[in-house]
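K.L.:
Quick one: the structure is below, and I'll ask about it shortly.
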DNA sequence: GAATTTTTGTTAACACTGTTAACAAAAGTA
DNA sequence: TACTTTTGTTAACAGTGTTAACAAAAATTC
């Protein structure tokens, strides 16, 4: 009975065409503005057919999130395979990670829940400069007292902030509520490494 | 003419009551589910009055984002003032930053555009484990070859990922599109610091 | 104090969202 | 051919942000 197989094949194709249409939406207007109606419109079917193939909108986004992690894994593995020394691997993977994030920007935003309204918002906030100023001045002072006062304070500030924000947001994505005190060891580890990197060496 | 003053005072109070009601919403259900209608309901006025005091919903969120950065600045400054040595200040500020993020969780999410649907999503993605595995194995190898093979690989992995994600998302929030190559120096700086911290010392 | 203007607030709608129940049409099976 | 299952549609529900048209209250002018 080849007809049952044809059916599931057609079902797969249909599902794929939904994802295809959805992805077009995502890359052209961002995943924020992805809508079931627009997908239905694009595939020229009525709305409820989509719910025959996906439980809800979230399930569609989940699909892309999976794809994103798959692609990231592949990329990391490929890059890793090009080196032998772990330290070199780590460095190369870091660059690959960076490139992935910006080359597959939509995937990355989906994977890490970057809800982009903040982009427009953050850029019009003067209050942010105050916080920035406090941190930068401290970095400057630390560099001035260090053995290599020629270091780029602005670069070091970005590094400092990125470490902090990275730690926090990764933690927030993984679980809600305040993480236990043991998690603060990660902070301690990262930040003391950073401080050493500017104060001595 | 005290009546004009009373008017603007009342206007201020009204505005404050809107923000108050909005904030109640935010802390009880997250800023995702904040709605103009619910605010109107809470203050027992009709919907359009809110638009007399705020241009749109975004303006209300912007207000909280500002508040968030103000609070963060205050916190950082206070903590900084308790120390003299820049290195100590940086460390103390890092911990203060961490505490702020989790103690004022709603503010932080707003400030950095953490669009929390990803929380539920990320936790049901097995594909994520692959990527994690690749990175962890490399970290393990690096530690094994280092001078202190007793180091906690899981901690180091979290540090590694956090640095990467922090760099990327801070960059993404600030501007869209791929950042210029010079920005990659921040990555280079942070990651080489990290690598040194595990390979030698 | 009455008439007029300005401010303030309301109702009702528009244009969107995700989701689903009720039903019709097509396809496969007996 | 008659029946069942799958597939698809229309129409609605319950939300969302936002705004135009209008009524009521307050302040100002005559």
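Residue numbers (the numbering used here), protein chains in the order written: chain A, 2 to 202; chain B, 2 to 202.
Ideal Cβ placement from N, Cα and C applies to all residues, glycine included.
Sorry if obvious, but does the Cβ on residue 79(B) come closer than 7 Å to a heavy atom of the ligand ATP?
P.N.:
This structure simply doesn't include the ligand ATP, nor any ligand for that matter.
K.L.:
Under the three-state reduction of DSSP, which class applies to residue 2(B): helix, strand or coil?
P.N.:
For residue 2(B), the predicted model reports a pLDDT of 45, less than 50, meaning its position is unreliable; a value from the coordinates is still stated below. Three-state result, residue 2(B): coil.
K.L.:
Distance, Cα to Cα, residue 165(A) vs residue 91(B)?
P.N.:
Taking the straight line joining both Cα atoms gives about 11 Å.
K.L.:
Kindly indicate which residue of 41(B), 200(B), 126(B) has the alpha-carbon position closest to the one of residue 15(B).
P.N.:
Ranking the options by Cα distance to residue 15(B), first place goes to 41(B).
K.L.:
Please list, in chain order, all residues of the same chain as residue 43(A) whose beta carbon is under 6 Å from its beta carbon, the five residues on each side excluded.
P.N.:
Answer for residue 43(A): 22, listed in chain order.
K.L.:
Can you tell me which residues form a DSSP beta bridge with residue 156(A)?
P.N.:
DSSP output for residue 156(A) lists no bridge partner at all.
K.L.:
With DSSP as the reference, label residue 35(A) as helix, strand or coil.
P.N.:
Residue state, collapsed to three classes: coil.
K.L.:
From what residue to what residue does the alpha helix (DSSP H) around residue 51(B) run?
P.N.:
49 to 54 is the extent of the alpha helix (DSSP H) around residue 51(B).
K.L.:
Which value, in whole angstroms, describes the spacing of the CA atoms of residue 99(B) and residue 31(A)?
P.N.:
The straight-line gap from Cα to Cα measures roughly 30 Å.
K.L.:
Which runs of the alpha helix (DSSP H) fall wholly inside the stretch 50 to 89 of chain A and span at least 4 residues, in chain order?
P.N.:
If we require 4 residues or more, the alpha helix (DSSP H) runs fully inside the stretch 50 to 89 of chain A come out as 58 to 82.
K.L.:
Strictly under 8 Å for the Cβ-Cβ distance: is residue 190(A) near chain B by that measure?
P.N.:
Yes, contact with chain B.
K.L.:
Give the residues of chain B in contact with residue 67(A), contact being defined as C-beta atoms less than 7 Å apart.
P.N.:
Under the 7 Å cutoff, chain B gives 126, 128.
K.L.:
Please report the residue range of the alpha helix (DSSP H) in which residue 195(A) lies.
P.N.:
Residue 195(A) -> alpha helix (DSSP H) spans 185 to 200.
K.L.:
Does the beta-carbon distance from residue 127(A) to residue 66(B) come in below 8 Å?
P.N.:
Going by C-beta atoms, residue 127(A) is not nearer than 8 Å to residue 66(B).
K.L.:
Under 8 Å, CB to CB, which of the residues in the stretch 95 to 111 of chain B have a partner in chain A?
P.N.:
Under the 8 Å Cβ criterion, the stretch 95 to 111 of chain B contributes 95, 96, 98, 99, 102, 103, 104, 106, 109, 110, 111.
K.L.:
Going by beta-carbon coordinates alone, are residue 69(B) and residue 115(B) separated by less than 8 Å?
P.N.:
It is not a contact, given that the beta carbons lie outside the stated cut-off.
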